[in-house]
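The block underneath contains the structure these notes are about, expressed in structure tokens.
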Amino acid sequence: MISIIIPVYNEKKNLEKLLPHLSNLAVGHEVEIIVSKGVCAVDYLPIVNSVPNAKQVAEPKKGRAVQMNAGAAAAKGAILAFLHADVWPPQGFFDDILKTLSSGYDAGFFSYRFDKDSFFLNINASFTKKDGIFTGGGDQCLFIKKSIFNGLGGFDEEQVLMEDFEFFRRMKAKRVRYKIVANDLIVSARKYENNSYLRINLTNLLLVVLFKMGYPPHKLKNVHDRLLRIPYRKQRA
810 MISIIIPVYN EKKNLEKLLP HLSNLAVGHE VEIIVSKGVC AVDYLPIVNS VPNAKQVAEP
870 KKGRAVQMNA GAAAAKGAIL AFLHADVWPP QGFFDDILKT LSSGYDAGFF SYRFDKDSFF
930 LNINASFTKK DGIFTGGGDQ CLFIKKSIFN GLGGFDEEQV LMEDFEFFRR MKAKRVRYKI
990 VANDLIVSAR KYENNSYLRI NLTNLLLVVL FKMGYPPHKL KNVHDRLLRI PYRKQRA
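Structure representation (structure tokens):
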């Protein structure tokens, strides 16, 4: 079984589209969908209950790492896949996961492109097609054998930002075999609606450099929040 874990915080509209899409993609596969709710007032249960093999877990502690660990703990599948609510999986999504993990790999990521056609965004997306400094970001949908995930200790819940990169660093340190699947996810470009391309790229580069230098997680988040405007992350119903 593949357990799809979706950490959510104020993502009702995206979830209303994503869950039926995942359910359609899952036909012919053994899949469960786990919506891991953060600390917010949104009621996701009507959406979750409308889709077969979907369930919700609620975590009273804040943090995406906390949510993803809670989802993993509730998962029945031997394979975990961590998907953001604003990321659209392609046709062949589940086949790609199974094929990769039956071909000598223990984990993998997907390449992606944005839902907005832009020369500069296409440049960004091109970096996801091969190994490099930005490999391992959450938008690439990490999938991994549950035994390997548990053996690595899951996500670091003290890592309030860049928890995915921190986990990937431990994957590489333990020489976990992974593959980047060249079948593009579609990622929302909404962050670019409120911040310039240059501002986001420079901020991301700065955060990666600071992270690799060992900058504390809470300070990384402070840098991120000062430099970028993310209005859709604010509390709303």
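FYI, in this note's numbering the residues of the sequence shown are 810 to 1046. Note that beta-carbon positions come from the ideal geometry of N, C-alpha and C, so glycine has one too.
Through-space distance from residue j to residue i, alpha-carbon basis
i            : j           : result
residue 780  : residue 936 : Nothing can be reported for residue 780: it is not among the residues displayed for the chain, which extend from 810 to 1046.
residue 857  : residue 886 : 18 Å
residue 1004 : residue 825 : 26 Å
residue 1103 : residue 873 : Because the chain spans 810 through 1046 in this model, residue 1103 falls outside it and cannot be assessed.
residue 959  : residue 938 : 27 Å
residue 931  : residue 894 : 21 Å
residue 1033 : residue 975 : 16 Å
residue 980  : residue 988 : 12 Å
residue 848  : residue 986 : 34 Å
residue 1047 : residue 942 : With the chain running from 810 to 1046 in the structure shown, residue 1047 is simply not present.
residue 953  : residue 903 : 13 Å
residue 923  : residue 945 : 17 Å
residue 898  : residue 867 : 24 Å
residue 1008 : residue 996 : 19 Å
residue 829  : residue 917 : 24 Å
residue 1000 : residue 810 : 33 Å
residue 859  : residue 842 : 12 Å
residue 955  : residue 984 : 16 Å
residue 882  : residue 950 : 18 Å
residue 1027 : residue 844 : 25 Å
residue 961  : residue 877 : 14 Å
residue 879  : residue 869 : 10 Å
residue 901  : residue 907 : 10 Å
residue 905  : residue 914 : 12 Å
residue 891  : residue 973 : 10 Å
residue 912  : residue 832 : 25 Å
Helix, strand or coil at residue i [DSSP, three-state]
i            : result
residue 954  : strand
residue 1047 : Coverage of the chain is limited to positions 810 through 1046, which leaves residue 1047 absent and any answer about it impossible.
residue 1032 : helix
residue 896  : strand
residue 880  : helix
residue 1038 : coil
Residue i, enclosing beta strand (DSSP E) - first and last residue
i           : result
residue 889 : 888–891
N- and C-terminal bounds of the alpha helix (DSSP H) containing residue i
i           : result
residue 968 : Here residue 968 belongs to no alpha helix (DSSP H), and DSSP marks it neither H nor E.
Residue i - partner residues in DSSP beta bridges
i           : result
residue 815 : 844
heavy atom of the ligand ATP below 7 Å from residue i C-beta
i           : result
residue 986 : Inclusion of the ligand ATP in the displayed structure is not the case, the ligand content being empty and no account of it being possible.
CB contact check: residue i to chain C, cutoff 8 Å
i            : result
residue 1024 : The displayed structure is made up of one protein chain only, and chain C is not part of it.
Ordered list of beta strand (DSSP E) runs contained in the stretch 818–870, each at least 3 residues:
Restricting attention to beta strand (DSSP E) runs no shorter than 3 residues, the stretch 818–870 encloses them at 840–846 and 863–867, ordered along the chain.
What runs of the alpha helix (DSSP H), each 4 residues or longer, lie entirely inside the stretch 972–1023?
If we require 4 residues or more, the alpha helix (DSSP H) runs fully inside the stretch 972–1023 come out as 972–982 and 1006–1021.
Contiguous alpha helix (DSSP H) assignments of at least 4 residues, all confined to the stretch 899–962
List check, alpha helix (DSSP H) in window: 902–910, 928–935 and 955–960.
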